[in-house]
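Peer 1: According to full-length UniProt numbering, the sequence shown is numbered sequentially starting from 1.
Handing you a structure now.
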Amino acid sequence: MTKQFHDTVLGAEALDQLFRKARSYNGWLPKDVSDDQIRSIYELLKMAPTSANMQPGRFVWVKSDEAKQKLAACVSEGNEAKVLAAPVTVIIGYDIDFHEELPWLFPHTDAKSWFEGDEKGREQGAFRNSSLQGAYLMLAARAVGLDCGPMSGFDNAAVDKAFFGDNPRHKSNFICSIGYGDRTTIFDRSPRPDFGKFNTIA
């Protein structure tokens with residue numbers, strides 16, 4: 001009998017690559033990340049679930065020296081070297097007016113009308129779902145053999161002006177460097193809580 005899809009469990013090696021042995025990196029090996037690899041990350045992350053299939057995430061892949069310098073000027077002092085050394089750092093942003101795309105993204109009902117006239121609600125939804133998309137992005141990067149270094153130490157307003165200045169409806173959420181991590185730049189893994197610490201099955 002053919003095993004049902006939902007009964008399939010990833011092997012230990014895949015789970016290690018995505019979760020158990022994956023780390024957040026502070027430094028990078030001198031190896032390039034290709035445009036094809038960047039595209040492969042997006043092609044995976046876009047398949048993951050969001051509310052009403054909204055796609056609020058707007059991604060800027062900072063790869064050129066000029067763009068790295070521009071981004072480095074917007075981050076905290078401790079993150080400047082990380083941005084400059086990484087093969088690519090992606091700005092995970094979101095579009096407050098994501099609902100304009102819903103007629104074709106969620107065509108079986110009038111989902112656009114759910115969000116019209118409620119900018120505060122749209123911004124909350126865009127932030128929440130772009131955060132999900134950013135997490136999917138990191139898992140996708142790990143799945144294709146790359147490492148990640150997510151960061152929140154930056155000036156959002158400065159990043160928005162520098163990279164989303166032509167569309168003020170786009171806002172930055174967080175940034176994440178991607179490449180081949182240098183294991184000499186990480187500490188031992190910090191503690192993780194047991195299930196009983198923060199979980200309740202009701």
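We treat Cβ as the ideally placed atom computed from N, Cα and C, and that holds for glycine.
1) Using DSSP with H/G/I as helix, E/B as strand and the rest coil, what is MET151?
2) Pull up the DSSP beta-bridge partners for ASP32, would you.
3) In chain order, which continuous runs of the beta strand (DSSP E) of length 3 or greater are located wholly inside the stretch 53–117?
4) Sorry if obvious, but does the Cβ on GLU13 come closer than 7 Å to a heavy atom of the ligand SAM?
5) In angstroms with no decimal places, state the Cα-to-Cα distance between GLN55 and LYS197.
6) With DSSP run on the structure shown, which of helix, strand or coil describes LYS171?
7) Go through its chain and collect everything with a Cβ distance to LEU18's Cβ below 7 Å, but skip five positions before and after it.
8) What do you get for ILE201, buried or exposed, if any count of 16 or more other CB atoms within 10 angstroms of its CB means buried?
9) List the whole-angstrom C-beta distance separating THR185 from ASN26, where the pair is believed to meet the contact cut-off of C-beta under 8 Å.
10) Which residue comes first and which comes last in the alpha helix (DSSP H) that contains ARG122?
11) State the start and end residues of the unbroken alpha helix (DSSP H) segment that holds LYS197.
12) For HIS170, count neighbouring C-beta atoms within 10 Å of its own C-beta (all shown protein chains included) and say buried if the count is 16 or more, exposed if not.
13) Using CA atoms only, rank isn't needed, just tell me which of LEU29, PHE154, GLY179 is closest to LEU146.
14) So is THR8 buried or exposed if we call it buried at 16+ other beta carbons inside 10 Å?
15) Quick check on the DSSP output: the alpha helix (DSSP H) that includes ASP160 runs from which residue to which?
16) Considering only their Cβ atoms, is the gap separating THR50 from LEU102 smaller than 8 Å?
17) From what residue to what residue does the alpha helix (DSSP H) around LEU15 run?
Peer 2: Considering the structure as presented:
1) strand
2) None, per the DSSP bridge assignment.
3) Residue ranges of uninterrupted beta strand (DSSP E) with 3 or more members, entirely inside the stretch 53–117 and ordered along the chain, are 57–62, 88–95.
4) Among the ligands in the structure shown, none appear at all, so the ligand SAM cannot be discussed.
5) Those two C-alpha atoms are separated by around 34 Å.
6) strand
7) LEU139, ARG142, ALA143
8) Counting of Cβ neighbours within 10 angstroms places ILE201 among the exposed residues, the total staying below 16.
9) 4 Å
10) 119–143
11) Where LYS197 is concerned, the enclosing alpha helix (DSSP H) stretches over 195–198.
12) Around the beta carbon of HIS170, a 10 Å sphere encloses 16 or more other beta carbons of the protein chains shown; the residue is thus reported as buried.
13) GLY179
14) Exposed, by the Cβ-count rule.
15) Note, ASP160: alpha helix (DSSP H), 156–163.
16) no
17) 12–15
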